[in-house]
Amino acid sequence: MLITDDFLPVPVPESLSATYLVPVEGLPKVSTKSAVAALAGRIAEPVHGLAKQMLDSPLMSVDVRPIGEFPELPPDLLAAFGASETQLDRLAAATHLVVVQAEYRPGWPPAHEWAARAVAAAVAESVGGDVVDVFGLQFLDPATALRSLPDDTGRIRLVDWVLVPYSSDAEGLWFTTKGLRRFGLLELQTQGVPDHLTRAWGAVMTGAARRLLRDWTDGLSGEEVPAFVQLPVLATVTGHDIAVAYGNPEQHGATAPVLLRLELDPATDPDADSFLSLRPPEGHPGPAGRYFAAACATLFAGIQPDVRYARPGDAMSKAIATARSGLDDVRARFVAGQLPRESQLVVKYGLPGEDGPEYVWAGISSWDTPERIVGVSASDATSDPTVRIGSPVVVEAADVVDWAVLDGTGVIEGGWTQAVLDAGEHPTP
Numbered sequence: 440m441l442i443t444d445d446f447l448p449v450p451v452p453e454s455l456s457a458t459y460l461v462p463v464e465g466l467p468k469v470s471t472k473s474a475v476a477a478l479a480g481r482i483a484e485p486v487h488g489l490a491k492q493m494l495d496s497p498l499m500s501v502d503v504r505p506i507g508e509f510p511e512l513p514p515d516l517l518a519a520f521g522a523s524e525t526q527l528d529r530l531a532a533a534t535h536l537v538v539v540q541a542e543y544r545p546g547w548p549p550a551h552e553w554a555a556r557a558v559a560a561a562v563a564e565s566v567g568g569d570v571v572d573v574f575g576l577q578f579l580d581p582a583t584a585l586r587s588l589p590d591d592t593g594r595i596r597l598v599d600w601v602l603v604p605y606s607s608d609a610e611g612l613w614f615t616t617k618g619l620r621r622f623g624l625l626e627l628q629t630q631g632v633p634d635h636l637t638r639a640w641g642a643v644m645t646g647a648a649r650r651l652l653r654d655w656t657d658g659l660s661g662e663e664v665p666a667f668v669q670l671p672v673l674a675t676v677t678g679h680d681i682a683v684a685y686g687n688p689e690q691h692g693a694t695a696p697v698l699l700r701l702e703l704d705p706a707t708d709p710d711a712d713s714f715l716s717l718r719p720p721e722g723h724p725g726p727a728g729r730y731f732a733a734a735c736a737t738l739f740a741g742i743q744p745d746v747r748y749a750r751p752g753d754a755m756s757k758a759i760a761t762a763r764s765g766l767d768d769v770r771a772r773f774v775a776g777q778l779p780r781e782s783q784l785v786v787k788y789g790l791p792g793e794d795g796p797e798y799v800w801a802g803i804s805s806w807d808t809p810e811r812i813v814g815v816s817a818s819d820a821t822s823d824p825t826v827r828i829g830s831p832v833v834v835e836a837a838d839v840v841d842w843a844v845l846d847g848t849g850v851i852e853g854g855w856t857q858a859v860l861d862a863g864e865h866p867t868p
């Protein structure tokens, strides 16, 4: 194997395994084969056939065990990863676990995961219960588990298989992925991410996971499983990668690619995980957090900074009026935590300048009082050298001219002034 500075050799495990649990009260009354047969016509036929084939092979086992024979599932962690009170109550009342396990070689398709999840979902549906994905420590209702399986062309939403948890430390936010090991690849991590990029960087991590997973499986496409796969040291991530990972390929924009340097961070503790770290490219000046903020500004280009108006035209005036009329409502939803999951609320506000106001965007950190917004700048201002990407800002609500809710695919709500600009209706100076 040729080793160069342009590629990073990543070890390939000999085999991969998947484990799913179905908590039940009493013993199942429907056989596993009958439950799987009932999925005919409801999931893609290649996946249905794969599940039946693996169920009849030594590559998969389905056992019913008293719940006391299995290590206790931690309710706190399950709740942290989305388990509802009802699901936790059913787990507490369960007397047995149906344990579905499958094993397969690294590569694509990940037959062990697809088949095991399909079988577990079929069993859970037959008993009116839930699926527990042991790898992700996630509860899945049967319908959600079945929807996550690939379509007739083998496509999946990566967000259904890879989570992006994060935690805070003295240097900022620490992001990791949880799910790439299903496919044999090391998990990703990024450290030192500014706090205001919580949702945006989660989407970037998901897009990076999609790009690297594609490179990884390309390296495993031969008949023999190699000992290593060479991944590019400089990985590129685009808006298309993010949109595809979220299952919305038609929504991607023509964003410029962002470069992220890949480094192997081996664990010093034999019981801990090694990671592939995402860092700025070599030679990038300034702190890593500033590069990450600039990367998000590039990838989520649905909001453009540094827009100037000396005198708004009719279309722009209507756009600003529309945005301001919805400001109280969106603040109430933000404060109540009712905005969509994995979304970010941003506002556009005016800064005084010699040639008229300069309008820039800021991500909102808190909005405790209606008049005052605390956030972090999403762009560099020309008129005020203290307003830089990642710098804290305090915005008066009276200065806000627009707002937008962003997710991994771009603007999902708001952004009226930007829509006017995108339509080419620039105001007359």
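Residue 620 in the numbering used here sits at position 181 of the sequence shown, and the numbers go up by one each step. Cβ coordinates follow ideal geometry from the N, Cα and C atoms, glycine included. Being a predicted model, the structure only gives us computed values, none of them experimental.
Cα-Cα separation, residue i to residue j
| i | j | result |
| --- | --- | --- |
| S473 | L527 | 27 Å |
| T637 | S830 | 15 Å |
| L455 | H551 | 7 Å |
| A411 | I851 | Because the chain in this structure spans residues 440 to 868, residue 411 falls outside the shown range and cannot be described. |
| P497 | R544 | 14 Å |
| P604 | D753 | 44 Å |
| T821 | G792 | 9 Å |
| P633 | R718 | 13 Å |
| G567 | A483 | 22 Å |
| G623 | S606 | 24 Å |
| P824 | F739 | 23 Å |
| V643 | R504 | 40 Å |
| P514 | V539 | 20 Å |
| A758 | T856 | 5 Å |
| L530 | A518 | 12 Å |
| D767 | V844 | 14 Å |
| K468 | A561 | 13 Å |
| T471 | G521 | 27 Å |
| T867 | P796 | In this prediction, T867 scores a pLDDT of 37, lower than 50, which makes its location untrustworthy; no coordinate-derived value is stated. |
| L516 | T525 | 15 Å |
| A476 | L494 | 11 Å |
8 Å Cβ cutoff, residue i in contact with chain B
| i | result |
| --- | --- |
| P709 | In summary, chain B is missing from the structure at hand, where a single protein chain is found. |
Member of the options whose CA lies at the smallest distance from the CA of residue i
| i | options | result |
| --- | --- | --- |
| D654 | L790, E662, V643 and F667 | F667 |
| R872 | D710, A711, E662 and A541 | Here the chain has residues from 440 to 868 only, and residue 872 is not among them. |
| R780 | Y685, L699, L766 and I759 | Y685 |
| L652 | D495, P633, A682 and R620 | R620 |
| V601 | P589, D608 and G575 | G575 |
| D608 | L597, G631 and I812 | G631 |
| S818 | A801, I812, D807 and P809 | A801 |
| G869 | V826, D807, D768 and V672 | This structure cannot settle anything about residue 869, because the visible part of the chain is limited to 440 through 868. |
| G728 | W640, V598, A519 and A561 | W640 |
| N687 | T737, V598, H635 and R772 | V598 |
| T616 | T656, A559 and D712 | D712 |
| A706 | V859, T675 and S716 | S716 |
| T656 | P724, L625, A836 and E511 | L625 |
| A559 | P514, D502, A682 and G465 | D502 |
| V840 | V539, R763, A733 and L466 | R763 |
| R870 | G661, L627, V664 and S660 | Only positions 440 to 868 of the chain appear in this structure, which leaves residue 870 out of reach. |
| L478 | F509, P452, A519 and A584 | A584 |
| A532 | S523, P467, F446 and V463 | V463 |
| T534 | P549, I506 and G722 | I506 |
| T761 | H635, I812, P671 and W842 | W842 |
| A836 | F731, A522 and V769 | V769 |
| S523 | G658, Q577, E663 and K787 | Q577 |
| E799 | V786, G661, T677 and M493 | Here the sequence assigns Val to residue 799, which means Glu is not the residue at that position. Answer by Cα proximity: V786. |
| G853 | I803, E511, P809 and G765 | G765 |
| G661 | R481, F714, G546 and L778 | G546 |
Exposure label - residue i; buried when at least 16 CB within 10 Å
| i | result |
| --- | --- |
| V774 | exposed |
| L460 | buried |
| G618 | buried |
| G646 | buried |
| G814 | buried |
| S565 | buried |
| S587 | buried |
| A771 | exposed |
| Q783 | buried |
| V816 | It should be pointed out that residue 816 corresponds to Ser in this sequence rather than to Val. Buried. |
| V859 | buried |
| D680 | buried |
| V834 | buried |
| A549 | Looking at the sequence itself, residue 549 is Pro, so the reference to Ala does not match. By the 10 Å Cβ count, P549 comes out buried. |
| T675 | exposed |
| L673 | exposed |
| A695 | exposed |
Checklist entry - Does the pairing of the stretch 605–617 with the stretch 579–596 give three or more beta-carbon distances under 8 Å? => result no
Checklist entry - For the stretch 485–492 against the stretch 568–576, are there 3 or more C-beta pairs whose distance is under 8 Å? => result no
Checklist entry - Could you give the uninterrupted runs of the beta strand (DSSP E) lying entirely in the stretch 597–661, keeping only those of 3 residues or more? => result 605–608, 611–615 and 626–632
Item to check | Segments assigned beta strand (DSSP E), at least 3 residues, entirely inside the stretch 541–590 | outcome: With a minimum length of 3 residues, the continuous beta strand (DSSP E) runs that stay inside the stretch 541–590 are 570–572 and 577–579.
Item to check | Segments assigned alpha helix (DSSP H), at least 4 residues, entirely inside the stretch 471–548 | outcome: 471–476, 484–494, 514–519 and 524–532
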